[in-house]
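One line per chain: the protein sequences are L and S, in this order.
Residue numbers for the first sequence follow UniProt numbering, so the first one is 1 and each next one is one higher.
Residue numbers for the second sequence follow UniProt numbering, so the first one is 1 and each next one is one higher.
Notes to accompany the following structure.
There are 2 protein chains.
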Amino acid sequence: MTGVSRRALFGMAGAGVALAGAGVATGVGIDRLGEGSPAHAEPSTVDFHGEHQAGIVTPTQQNLHFAALDVTTKDVGKLRELLRTWTAAARRMTAGQEVVADGAVGGAAQAPPGDTGEALDLPPGDLTLTIGFGPSLFDQRFGLAAKRPPQLVDLPLFPKDKLDPARSGGDLCIQACANDPQVAVHAVRNLVRLGFGVTEVRWSQLGFGRSSSTSRAQQTPRNLFGFKDGTNNVKSEDTDVLREQVWAQSGDGQAWMAGGTYLVARRIRMHVETWDRETLDGQEQIVGRTKGTGAPLGQTGEFDQVDLDVGGAGGVPLIAPDAHVRLASHQTLNGARILRRGYNFVDGSDGVGHLEAGLFFLAFNRDTRKQYIPMQQALSAKDAMMEYVQHTGSAHFAVPPGLTPTSNWGDGLFT
Amino acid sequence: MTGVSRRALFGMAGAGVALAGAGVATGVGIDRLGEGSPAHAEPSTVDFHGEHQAGIVTPTQQNLHFAALDVTTKDVGKLRELLRTWTAAARRMTAGQEVVADGAVGGAAQAPPGDTGEALDLPPGDLTLTIGFGPSLFDQRFGLAAKRPPQLVDLPLFPKDKLDPARSGGDLCIQACANDPQVAVHAVRNLVRLGFGVTEVRWSQLGFGRSSSTSRAQQTPRNLFGFKDGTNNVKSEDTDVLREQVWAQSGDGQAWMAGGTYLVARRIRMHVETWDRETLDGQEQIVGRTKGTGAPLGQTGEFDQVDLDVGGAGGVPLIAPDAHVRLASHQTLNGARILRRGYNFVDGSDGVGHLEAGLFFLAFNRDTRKQYIPMQQALSAKDAMMEYVQHTGSAHFAVPPGLTPTSNWGDGLFT
Ligand code: HEM
Ligand code: HEM
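Shown next as structure tokens:
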């Protein structure tokens, strides 16, 4: 695919490509023109509008750029205005348009271009933009304390946490997912640019290869331990579980959050070099699944039900007491589940001879107090995998509900 | 594309997919199966063998993982053995196989798996693996001083360089390019793993979106300044220029390098936030080309010839004296050219509110003393673009010639 411009694509979208429901990818059939640009081959978009924000149950795209921002102004009016501006910008970019109408080259020669331009020739790549509000946004600065959802707690420090403040927290977050990293980076950069004087990037993280699938239509990807990751995830098709475990309901405390959810972000460094010295058997014991097919120990198919009681020789459970999937299972957590949407990362090397590799863990749940926190507590305390990982960053965000073509990201906060 | 396994692909390759010449991508026609995995849609390979190493004139793939390594042993025999092992491993991985025959799940349960597994279900993605030897490899440690090519100088410090030693140098480098970041990361990781006890990662860099095209069949990509980058690059089709300016010839000093080339890697931080405040006109003056089409100032088409003398109002040259393309042009550098193959990067944020974005510049030339160095000297001294960039890492490598199915990367050094 060469040269379907953002403009041309807008034309197509404008001509009435039907976009069905929130977060459903709409492939526009364009023939591929040979080698070289597979990531650019899909001029398809994900609807920005819907009951829930896109980018949560949307089938996980290939690439992530996640940014946490701090608000640097004390003027709440500016914040409110920025959320309005951001919504309009996101509406455009997720439809494959430039961030503003004048764009990279359409404006005045004597003014800075309206769009930074690096996505000019790229298809929209299923871009989704998802926003969240951190606990600190509800402090005394903006008069939003009464709007703070009770679910949006400050996360406790978990056993063995080694959090870097420079990779943690944030008043706001923007999650950009796309099938082209340049499209995700372009979107974050242009939103950040619009926020000049109002917000500032606190930290940001690129990810690739999605470590969790969120739809039964997707092949389960592998994380950097080489295991399939996402097999037993909550999937977009599980509407009952989503209602019960992911989407905030109107009686949940803050009515403005109904249809929203809570996002936990954890940057988890994985000591891949140490993991790679563990035996195959040892690795499978730690996870509780086989490495090849991903089947639970004691079963044969990837999607066979996990049976925590199935015994091996002498009746000893095949899935060990400290196996990751046992401790993380809803069966041992009073039914608590989460929707995982993490990405693999390699941030160069660590200065002492190893790759700085890991999992940028993203999870959505309805009540972090009852779901993520007890789960992480169990894992941090007992998971055999903890020997090979280190949590280096942490953040928590309230993710407001989806949008209509006339609503904006700030509506719940300011009306 | 779901589930063409590495094994299945090997089967296909083994069944006689003809691979023609060094660095030519061979698409194996497999229908795409809809949404989600564009980067995984191309089970195509690039031949590892040929007159020159693949990954130099090979049409630039989407993703890069570049690693610089130091040799930690004093035992030259181990280094020699490792280069042999690496060659066999690279031969396998570039053909879409696991790094060793036993692989991630095929070995003994009581032994660490032979392959780390995260690429198990992924097509080869046009993976290329290219090796280089740094100046420090030719110091007293391994008795290789007499093998050092005169072209492989220690790079001088250029005006305004702000080099981080932790991002510079290296005894060896591995450049992995692929159309899937996970495939590139997997390849580097598995080579690094094979080097345990012999080499150690000194620094590593991920890149995306290729900032330079190396073939006339490719659409010119854009860098993070939003400009097309690679328009006037030396292309794989320019065989005469390649012979004259890129490939080392047998009379060049070290006969073992004939068919090889010299690689300069520069990590260039780009202050995108400052750039974005420059006017469109100002940006175009700095580059010397228009932002939209990429045409040289004074011309209309992207590929129109650069005319450094074309005058505007009052005869003032349209391409300014300090424009990037003037200073970098072979017309002002006694005919010197280089083959650019850089990638964009975003390494999170810089801690003071900005994205840590830039260009990981990779260039190949026949004699760095006569090509890259004078070019960089001119740019560092006079380029108007220098106000917006900062060189933060630097390395130089001798890239040995291509391989036959029985030769190995160390042959030139050790025979
Ligand atoms: C680097 C860190 C981690 C790695 C490598 C990892 C890996 C895995 C793997 C391989 C599986 C099995 C496949 C699947 O069902 O998806 C799994 C399952 C799971 N993980 Fe993790 N995980 C990590 C961190 C976490 C964290 C921090 C949490 C939550 C606090 C978590 C929650 C879960 C859950 C809920 C399941 C499904 C368990 C079940 O019901 O079967 N994981 N993980
Ligand atoms: C962040 C840093 C840089 C950026 C953003 C950049 C950008 C560009 C752009 C937009 C062009 C015009 C399109 C093209 O012909 O490819 C160009 C051309 C070129 N650049 Fe750079 N460049 C950078 C660094 C360098 C460096 C370090 C060198 C070499 C020392 C270099 C050498 C060249 C050459 C040789 C050309 C072609 C000039 C001609 O003959 O027309 N560039 N660059």
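Ideal placement from N, C-alpha and C gives every residue a C-beta, glycine not left out.
Margin query: By the DSSP assignment, the beta strand (DSSP E) with S:Tyr372 in it spans what residues?
Written below: Element bounds for S:Tyr372: not the beta strand (DSSP E) but the alpha helix (DSSP H), 372-382.
Check: So which residues of chain S does L:Leu280 contact, with C-beta pairs closer than 9 angstroms?
Finding: Those are Ala104, Val105, Gly107, Ala108, Ala109, Gln110, Ala111, Pro112, Pro113, listed as they occur along chain S.
Margin query: Are the CB atoms of L:Gln61 and L:Cys177 within a distance shorter than 8 angstroms?
Written below: yes
Checklist line | Simplified DSSP assignment, three categories, for S:Thr128 | finding: strand
Item checked: CA nearest to the CA of S:Asn179, picked from S:Leu122, S:Gly170, S:Gln283 -> Taking only the C-alpha atoms, the option nearest S:Asn179 is S:Leu122.
Check: With respect to 7 angstroms, is the separation between the Cβ of S:Gly103 and the closest non-hydrogen atom of ligand 1 below this value?
Finding: no
Next item on the list: For S:Gly251, name the three-state secondary structure that DSSP assigns.
Entry: helix
Notebook entry, point to check: Along the chain, which unbroken stretches of the beta strand (DSSP E) at least 3 residues long are found entirely within the UniProt domain "Dyp-type peroxidase N-terminal" (53-208) of chain S?
Noted result: 63-71, 128-133, 172-178, 199-208
Item checked: 4 or more residues per run - each alpha helix (DSSP H) lying fully within the stretch 228-290 of chain S -> 239-245, 272-275, 280-287
Margin query: Any beta carbon of chain L sitting closer than 8 angstroms to that of residue 460 of chain S?
Written below: Outside the shown range of chain S (1 to 415) lies residue 460 of chain S, about which nothing can therefore be said.
Note to self: For L:Leu224 and S:Glu118, which I take to be in contact (beta-carbon distance under 8 angstroms), what is that distance rounded to the nearest angstrom?
What the structure shows: Indeed, because the Cβ distance is near 5 angstroms, the residues count as touching under 8 angstroms.
Margin query: List, in chain order, every chain L residue whose beta-carbon is nearer than 9 angstroms to that of S:Gln285.
Written below: Per Cβ cutoff of 9 angstroms: no residues; S:Gln285 is ~10 angstroms from chain L at best.
Margin query: Just checking: is the beta-carbon of L:Asn408 within a distance shorter than 8 angstroms of some beta-carbon in chain S?
Written below: no
Note to self: Rounded to the nearest angstrom, what separates S:Glu302 and S:Ala363 at their Cα positions?
What the structure shows: 22 angstroms
Margin query: Short of 7 angstroms Cβ to Cβ, which residues in the stretch 351-371 of chain S face chain L?
Written below: Gly351, Gly353, His354, Leu355
Checklist line | Cut-off 6 angstroms between Cβ atoms - residues of its own chain near L:Glu35, not counting five sequence neighbours on either side | finding: Unreliable placement is indicated for L:Glu35, whose pLDDT of 31 sits below 50; no coordinate value is reported for it.
Check: Nearest chain L C-beta to S:Lys147 closer than 8 angstroms, yes or no?
Finding: Output row for S:Lys147: interface = no.
Margin query: Taking 7 angstroms as the cut-off, is the C-beta of S:Tyr343 nearer than that to any heavy atom in ligand 1?
Written below: Answer for S:Tyr343: no, Cβ out of range of ligand 1.
Next item on the list: Could you tell me which chain L residues have their CB closer than 8 angstroms to the CB of S:Lys291, listed as they occur along the chain?
Entry: Ala104, Val105, Pro113, Gly117
Next item on the list: Can you say whether L:Asp347 is buried or exposed, counting buried as having 16 or more other CB atoms within 10 angstroms of its CB?
Entry: It is buried - the Cβ of L:Asp347 has at least 16 other Cβ atoms within 10 Å.
Next item on the list: Taking S:Leu206 as the query, report the chain L residues whose CB atoms sit under 9 angstroms from its CB, ordered along the chain.
Entry: Chain-order list of chain L residues neighbouring S:Leu206: Leu206, Phe208, Phe345, Val346, Asp347, Gly348, by C-beta distance under 9 angstroms.
Margin query: I'd like to check one pair, L:Gly230 with L:Tyr343: are the Cβ atoms closer than 8 angstroms?
Written below: In this structure, L:Gly230 does not lie closer than 8 angstroms to L:Tyr343 by Cβ.
Check: Checking contacts by CB at 8 angstroms: is S:Glu237 closer than that to chain L?
Finding: no
Check: Expressed to the nearest angstrom, what Euclidean distance is found between the alpha-carbon atoms of S:Val46 and S:Trp247?
Finding: 19 angstroms
Margin query: Less than 8 angstroms between C-beta atoms, sequence neighbours within five positions excluded: which residues of the same chain meet that for S:Val241?
Written below: Take S:Val241, set aside five residues on each side of it, and the residues of its chain with a beta-carbon closer than 8 angstroms to its own are Val234, Arg337, in chain order.
Checklist line | Three or more C-beta pairs below 8 angstroms linking the stretch 288-303 of chain L and the stretch 397-407 of chain L | finding: no
Margin query: I need the DSSP call for L:Gly21, collapsed to helix, strand or coil.
Written below: Any reading at L:Gly21 is ruled out, since the residue's pLDDT is 33, under 50, leaving its predicted position unreliable.
Check: What residues in the stretch 381-402 of chain S bring their beta carbon closer than 8 angstroms to a beta carbon of chain L?
Finding: none
Note to self: Does the CB of S:Val203 have a neighbour CB from chain L at under 8 angstroms?
What the structure shows: The sequence shown places Trp at residue 203 of chain S, rather than the Val named in the question. Closer than 8 angstroms: yes.
Notebook entry, point to check: Terminal residues of the continuous alpha helix (DSSP H) containing S:Val325?
Noted result: 324-327
Notebook entry, point to check: Using the rule of at least 16 other Cβ atoms within 10 Å of the residue's Cβ for burial, across every protein chain shown, is S:Ser394 buried or exposed?
Noted result: buried
Next item on the list: Count the other C-beta atoms from every protein chain shown that fall within 10 angstroms of the C-beta of S:Val352, then say buried if there are 16 or more, exposed otherwise.
Entry: exposed
Check: Hey, S:Gln254 and S:Lys147: beta-carbon distance below 8 angstroms or not?
Finding: Contact: yes.
Margin query: I'd like to know whether the C-beta atoms of S:Pro405 and S:His49 end up nearer to each other than 8 angstroms.
Written below: yes
Note to self: Does the contact criterion of 3 or more C-beta pairs under 8 angstroms hold for the stretch 380-393 of chain S versus the stretch 270-278 of chain S?
What the structure shows: yes
Item checked: Buried versus exposed, by CB contacts within 10 Å (16 or more), L:Gly21 -> Its pLDDT being 33, under 50, L:Gly21 is placed unreliably in this model, and the coordinates cannot settle the point.
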